[in-house]
Amino acid sequence: MRKKKLIFAGLLAVAAAAGLAGCSKDTKQAEKTTAETAAGKENTTKKKTASGKKSDAAETDSKKTVVRECTIYAPDDNVETLINGKVKIEDVTAGKLLKEMIKMGTLEEGTRINSFQIKKQTAYIDFNKAFEKTLRKMGSSGEVLTVQAVTKTICENLDAKAMKFTVEGKVLETGHNIYDEPQRPGEE
Numbered sequence: 019m020r021k022k023k024l025i026f027a028g029l030l031a032v033a034a035a036a037g038l039a040g041c042s043k044d045t046k047q048a049e050k051t052t053a054e055t056a057a058g059k060e061n062t063t064k065k066k067t068a069s070g071k072k073s074d075a076a077e078t079d080s081k082k083t084v085v086r087e088c089t090i091y092a093p094d095d096n097v098e099t100l101i102n103g104k105v106k107i108e109d110v111t112a113g114k115l116l117k118e119m120i121k122m123g124t125l126e127e128g129t130r131i132n133s134f135q136i137k138k139q140t141a142y143i144d145f146n147k148a149f150e151k152t153l154r155k156m157g158s159s160g161e162v163l164t165v166q167a168v169t170k171t172i173c174e175n176l177d178a179k180a181m182k183f184t185v186e187g188k189v190l191e192t193g194h195n196i197y198d199e200p201q202r203p204g205e206e
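Quick note on the working numbering: the sequence shown kicks off at 19 and runs consecutively.
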């Protein structure tokens, strides 16, 4: 009987430790931000405590997130045209758009962005090898539509006019195309 109590007490201690480990300061801050946003607080002025220091609430209020409705493109099942879906994304980035393209089936799991920047309204994006593998196993129509889906998704949601992409820092050559020039939404 005593042995069972010790085992039970040990399991409770492990469960409590695991539960407390998940409650970091960042998690509590994120929960607080979510709660304040849900409550509809719109005050963006910095609040100060009686001692003159900024309070956590003031810092949270000044870091409002922007949620946008984004359009994510993908080839249809027959690889004849592009289809699209609408998603809401908080603080839109290329990485968040990539995750949505993977969910929609435009790109395969494992596709990653090595680097991304926008210069003079052209998005420069460097993918890992998974992007190349995805395109190489498609026919020419699937490849063209997938490149168009990625280009339209990135350009429309991040306000770029064109997208130049590379794989591991090199120009992508798939056997169907050589992607050495910027791609524009709507062009093949």
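Glycine included, each C-beta is placed from N, C-alpha and C at the ideal position.
8 Å Cβ shell around residue i - same chain, five flanking residues per side excluded
i, result
"I120", "E126, E127, T129"
"T116", "Reading the sequence as shown, one finds Leu at residue 116 and not Thr. The answer, listed in chain order, is L125, T129, R130, I131."
"P200", "T140, A180, M181, K182"
"K147", "V185, E186"
C-alpha gap between residue i and residue j, whole angstroms
i, j, result
"L176", "T184", "18 Å"
"I131", "I143", "7 Å"
"V85", "V105", "10 Å"
"M122", "L100", "12 Å"
"E161", "K82", "39 Å"
"T169", "G187", "18 Å"
"V110", "V165", "20 Å"
"I172", "A112", "7 Å"
"L153", "T192", "7 Å"
"E174", "E98", "21 Å"
"N195", "E108", "35 Å"
"A167", "R202", "11 Å"
"F145", "S158", "20 Å"
"F149", "K138", "25 Å"
"I136", "K114", "16 Å"
"A178", "E118", "18 Å"
Simplified DSSP state of residue i, which is helix, strand or coil
i, result
"E125", "Reading off the sequence, residue 125 comes out as Leu, not Glu. Note: L125 maps to coil in three-state DSSP."
"M119", "helix"
"T169", "helix"
"E199", "coil"
"L176", "coil"
"E98", "coil"
Spatial neighbours of residue i in its chain, beta-carbon cut-off 7 Å, leaving aside the 5 residues before and after
i, result
"G204", "none"
"N102", "T89, I90, Y91"
"E87", "K104, K106"
"D198", "V189"
"M156", "T164"
"S133", "D144"
Bridge partner(s) assigned by DSSP for residue i
i, result
"M184", "The amino acid occupying residue 184 in the given sequence is Thr; Met does not appear at that position. In DSSP, T184 forms a bridge with D144."
"S133", "D144"
"V105", "C88"
"E191", "I196"
Same chain, Cβ closer than 6 Å to residue i, neighbours up to 5 away in sequence not counted
i, result
"D94", "I101"
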